[in-house]
Structures are given as structure tokens and as C-alpha cells.
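Student: Protein chains in written order, with the working numbering: chain Y, 26 to 116; chain P, 26 to 135.
The structure is given below, and queries will be raised subsequently.
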Amino acid sequence: MPQVEVAGIRLDVVAIDELRQRLEGAFAGADVAVADTTGEGDHFDVRIRAAVFADKSLVDQHRMVYDALGEFMKDIHALSLRTESTKGESG
Amino acid sequence: MSSILDDIRHEVGESPVVVYMKGTPRFPMCGFSAATVEVLNEIGVPFKAIDVLAEGDKRDGVKQYTNWPTIPQLFVGGQFVGGCDIVREMHERGELAALIRAAVDGEASG
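Written out as C-alpha cells, the structure is:
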């Protein structure tokens, strides 16, 4: 994991590609968009559109994303999340 | 730790709308908490706010209670609704006001 030095302290930062790869691996076939909102590797905006979200509550959908992110969560200070099901949008 | 979970269980059942946040509604200490309060103010319902920065044991306690990793957390009618993103999305769809009114009305008649 890359690191950044802030006030003499080395911190782990999450790279945007690592995050996207993790999510694409966890949600096969999903549309995944990740933005690093501050450029400092700890504030992210994540959007995922996946078939697997069909018929699940928003809380369950977000829990699935948090679970997929696993240990990344401790290095992410702010995560803005938008999830959507692909169901019913094929037409 | 079990007693803090009991406290939270009791606390979320005491008021129809309860939010665990960083800071206070008048002085939120985090953008996500501020956005959540803003939605509740727009809906125009009284709510109970718990500042997890002032009541430190509840910061991890509420995360453990809901198995949800982030603050703020909104409860309506004693049930966990979600964090800031879910609150905003439900508000955009008009679903949150309906949920809250049902909980407030249930409290008034029960």
C-alpha cells in the first residue's frame, strides 16, 4: 500500500486503482466508478451498478460494499457510496 | 460493552427519530453528519441527536449495534435506516419523510 507523509508521520493511503480492482473483483460484471475526492487517498466517491443488488435494501447493498472493501475501510476516512441494481434497466 | 449496547437499544426506542452524529445539529463536526441533519431539518421533524464525539463509548457502540462502519447513523421507530448516503437517497425519492411520519404518528397514537 502506498504511503504519504503528513507532519512527519507516514500514513497508508488507498490507491484508487486498488479500490476499483477490489470492487470489480467482488462484484463481477458490475459498473464501478471510483473518484478520489481530495487526491489524498482517504476520501472516495464510489458508485456501483450491479445485478447482485436486485431486491436488496439500500442498507444491505451498502453492507455488501463495506464487506468487499474489508481492511481498506480503516484507511478510508470518508466514503460516499451510491449503489444501484441493473435489474429492469436492460430495456 | 454489553451495557452500552443496551443503552443504545433503549435510546433508539425512546424517540421516533434518533441520529448518532459527530458534533451537534447546530454545530456538526463532519460533512456527512451536517448533510444528514440538513435532510431532517428539511423534513421538519423533531429528532434526538447523540454526539458521539461527546459520548465516546457510543462511537464504537453504535457501530457494533448496527454492524455498520460509519457515523452518522439514523434510526426511525427504533429501526436502523442507514448512513448519510442512504438518508439523502431516500429523501430524494420522498421515502424518508413518509417513513418518519409513519413512525411519529405511530408514537402519537400509541
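Ideal placement from N, C-alpha and C gives every residue a C-beta, glycine not left out.
If you reduce the DSSP assignment to three classes, tell me which class Gly95 of chain Y lands in.
Tutor: Along the first sequence, one-based indexing puts residue 95 of chain Y at 70. Three-state DSSP puts Gly95 of chain Y in a helix.
Student: Exposed or buried, which one is Glu132 of chain P when buried takes at least 16 other CB atoms within 10 Å?
Tutor: As a first step, residue 132 of chain P is located in the second sequence; it is residue number 107 there, counting from the start. Under this definition Glu132 of chain P is an exposed residue.
Student: Counting pairs of Cβ atoms below 8 Å between the stretch 73–93 of chain Y and the stretch 109–125 of chain P, do you hit three or more?
Tutor: With the cut-off at 8 Å, the stretch 73–93 of chain Y and the stretch 109–125 of chain P touch.
Student: Whose CA, out of P:Lys73, P:Arg51, P:Pro94, P:Ser58, lies closest to the CA of Val129 of chain P?
Tutor: Looking up residue 129 of chain P in the second sequence gives position 104. Nearest of P:Lys73, P:Arg51, P:Pro94, P:Ser58 to Val129 of chain P, Cα basis: P:Lys73.
Student: Is the Cβ of Ala79 of chain Y closer than 7 Å to any Cβ of chain P?
Tutor: Here residue 79 of chain Y corresponds to residue number 54 of the first sequence, with the count starting at 1. No - not a single Cβ of chain P is within 7 Å of the one on Ala79 of chain Y.
Student: Answer yes or no: does any C-beta atom of chain P fall closer than 7 Å to that of Met98 of chain Y?
Tutor: Stepping through the first sequence from its first residue, residue 98 of chain Y is reached at position 73. Yes, its Cβ sits closer than 7 Å to a Cβ of chain P.
Student: Could you tell me the boundaries of the beta strand (DSSP E) in which Val42 of chain P lies?
Tutor: Within the second sequence, residue 42 of chain P is the residue found at index 17, counting from 1. It spans 42–46 - the beta strand (DSSP E) in which Val42 of chain P sits, taken as one unbroken run.
Student: Taking Ile125 of chain P and Tyr45 of chain P to be in contact with their CB atoms under 8 Å, please state how far apart those CB atoms are, rounded to whole angstroms.
Tutor: As a position in the second sequence, residue 125 of chain P is number 100, starting the count at 1. As a position in the second sequence, residue 45 of chain P is number 20, starting the count at 1. No, Ile125 of chain P and Tyr45 of chain P are not in contact; Cβ-Cβ is about 16 Å, not under 8 Å.
Student: Would you say Ile111 of chain P faces chain Y, with C-beta separation under 7 Å as the test?
Tutor: The residue given as residue 111 of chain P occupies position 86 in the second sequence. Yes, because at least one Cβ of chain Y sits closer than 7 Å to the Cβ of Ile111 of chain P.
Student: I'd like to check one pair, Arg72 of chain Y with Thr111 of chain Y: are the Cβ atoms closer than 7 Å?
Tutor: Here residue 111 of chain Y refers to the residue found at position 86 of the first sequence. Here residue 72 of chain Y refers to the residue found at position 47 of the first sequence. Not in contact: Thr111 of chain Y and Arg72 of chain Y (Cβ atoms no closer than 7 Å).
Student: Restricting to Cα atoms, I'd like to know which of P:Cys55, P:Thr49, P:Asp76, P:Lys83 is closest to Ile29 of chain P.
Tutor: Here the question's residue 29 of chain P lines up with position 4 in the second sequence. Looking at the Cα atoms, P:Lys83 is the closest of the given residues.
Student: Taking the DSSP output, what are the residues bridged to Gln86 of chain Y?
Tutor: Reading the first sequence from its first residue, position 61 is the one you call residue 86 of chain Y. BP columns for Gln86 of chain Y are empty, so no partner.
Student: I want to verify the contact list: residues of chain P whose CB lies under 9 Å from the CB of Arg107 of chain Y, in sequence order.
Tutor: Counting from 1 along the first sequence, the entry for residue 107 of chain Y is found at position 82. Ordered by position in chain P, the residues that pass the 9 Å Cβ test against Arg107 of chain Y are Asp110, Glu114.
Student: Can you tell me whether Ala74 of chain P is helix, strand or coil according to DSSP?
Tutor: Residue mapping note: residue 74 of chain P aligns to position 49 of the second sequence, counting from 1. Strand at Ala74 of chain P.
Student: Name the two residues that bound the continuous alpha helix (DSSP H) containing Gly108 of chain P.
Tutor: Sequence index remark: in the second sequence, residue 108 of chain P carries index 83 (1-based). No alpha helix (DSSP H) contains Gly108 of chain P, which DSSP labels as neither H nor E.
Student: Quickly, what does DSSP pair Leu106 of chain Y with across the bridge? List them, please.
Tutor: Stepping through the first sequence from its first residue, residue 106 of chain Y is reached at position 81. According to DSSP, Leu106 of chain Y bridges with Y:Val71.
Student: Following the continuous alpha helix (DSSP H) through Ala58 of chain Y, name the residue where it begins and the one where it ends.
Tutor: Indexing the first sequence from 1 puts residue 58 of chain Y at position 33. Looking at the DSSP string, Ala58 of chain Y is not in any alpha helix (DSSP H); the run it does join, the beta strand (DSSP E), is 56–61.
Student: Rounded to a whole number of angstroms, what is the C-alpha to C-alpha distance between Val39 of chain Y and Asn92 of chain P?
Tutor: Locating residue 39 of chain Y in the first sequence gives position 14, counting from the first residue. Locating residue 92 of chain P in the second sequence gives position 67, counting from the first residue. Approximately 23 Å between the Cα atoms of the pair.
Student: Using the three-state DSSP reduction, which class does Phe100 of chain P fall into: helix, strand or coil?
Tutor: As a first step, residue 100 of chain P must be located in the second sequence, where it is residue number 75. Strand.
Student: Listing by chain order, which chain Y residues have their CB less than 7 Å from the CB of Pro94 of chain P?
Tutor: Within the second sequence, numbered from 1, the residue matching residue 94 of chain P stands at position 69. Result: Tyr91, Met98.
Student: When we look at the beta-carbon of Met115 of chain P and count the other beta-carbons within 10 Å, is it buried (16 or more) or exposed?
Tutor: For the purposes of this step, residue 115 of chain P is taken as residue 90 along the second sequence, with counting starting at 1. Label assigned to Met115 of chain P: buried.
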